[in-house]
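Per the working numbering, the sequence shown starts with residue 1, numbered consecutively.
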Amino acid sequence: MRRLAPVVLLLGPACATGATAPSASISLHNPVQATADLQFTPREFTVSVGDSVTFVFGSVSHSVEFQKGEELKAYYGGASSAGAPANVDVSANATAVRAFPTKGSFKYRCTVHAGMLGEITVQ
Ligand SMILES: [Cu+2]
Numbered sequence: 001m002r003r004l005a006p007v008v009l010l011l012g013p014a015c016a017t018g019a020t021a022p023s024a025s026i027s028l029h030n031p032v033q034a035t036a037d038l039q040f041t042p043r044e045f046t047v048s049v050g051d052s053v054t055f056v057f058g059s060v061s062h063s064v065e066f067q068k069g070e071e072l073k074a075y076y077g078g079a080s081s082a083g084a085p086a087n088v089d090v091s092a093n094a095t096a097v098r099a100f101p102t103k104g105s106f107k108y109r110c111t112v113h114a115g116m117l118g119e120i121t122v123q
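So, in structure tokens, the structure goes:
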């Protein structure tokens with residue numbers, strides 16, 4: 001009878017602590033990181049129409065607000081958010097995928113941190 005060589009799976013240290021920061025080893029589609037120093041990285045990102053972006057939140061709580069009626073419209077000097085995807089609620093240690101079916105320039109902000117801004121351009 002043949003014996004199979006033992007297979008050793010090398011698991012990272014993710015299980016060893018309570019830290020739950022997203023693992024860098026996981027490949028995310030079009031990631032935009034909401035960072036601990038209160039920025040969206042990259043701040044401006046371009047995708048093709050129909051493509052999606054993955055918003056990645058670490059241990060600091062953030063949100064993504066594309067639209068909230070006149071409040072956000074005024075915030076961006078009258079820019080329309082028509083065609084923007086759904087907002088992402090305030091959360092930490094999470095990812096959220098949003099598809100962009102409409103061409104345009106979609107500005108957004110984090111509602112937790114003033115001045116934390118980003119923009120998705122859909123071509
Ligand atoms: Cu934030």
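Yeah, the Cβ is synthetic: ideal placement off N, Cα and C, and Gly gets one too.
Can you name, in chain order, every residue of its own chain whose Cβ lies under 6 Å from the Cβ of residue i, other than the five neighbours on each side?
| i | result |
| --- | --- |
| V7 | With a pLDDT of only 42 at V7, under 50, the local geometry of the prediction cannot be trusted, and no value is derived from it. |
| L117 | R109 |
If you measure from the CB of residue i, is any heavy atom of ligand 1 nearer than 7 Å?
| i | result |
| --- | --- |
| V112 | yes |
| A34 | yes |
| L117 | no |
| L28 | no |
Quick one: what's got a C-beta closer than 7 Å to residue i's C-beta in the same chain, skipping five residues either side?
| i | result |
| --- | --- |
| L11 | Caution is warranted here: a pLDDT of 39 is assigned to L11, below 50, making its placement in the model unreliable, and the coordinate value is therefore given only provisionally. Excluding sequence neighbours, L11 sits near nothing in its chain. |
Classify residue i as helix, strand or coil using the three-state DSSP reduction.
| i | result |
| --- | --- |
| G115 | coil |
| Q33 | strand |
Might you give, ordered along the chain, the residues of its own chain that have their beta carbon closer than 8 Å to the beta carbon of residue i, omitting 5 neighbours on each side?
| i | result |
| --- | --- |
| A36 | G58, S59, V60 |
| A5 | In this prediction, A5 scores a pLDDT of 47, lower than 50, which makes its location untrustworthy; the coordinate-derived value is nonetheless stated afterwards. Closer than 8 Å at the Cβ level, and outside the excluded window around A5, lies no residue. |
| R43 | L117, G118, E119 |
Output yes if chain C places a C-beta closer than 8 Å to the C-beta of residue i; else output no.
| i | result |
| --- | --- |
| V56 | Absent from the structure: chain C. Only one protein chain is present. |
Please give me, in chain order, every unbroken run of the beta strand (DSSP E) with length at least 3 that falls completely inside the region 41-112.
Whole beta strand (DSSP E) segments, 3+ residues: 44-47, 52-57, 62-64, 88-91, 94-99, 104-109.
For the 8 Å Cβ check, are there 3 or more pairs between the region 48-56 and the region 93-103?
With a cut-off of 8 Å, the region 93-103 and the region 48-56 count as touching, because enough Cβ pairs lie within range.
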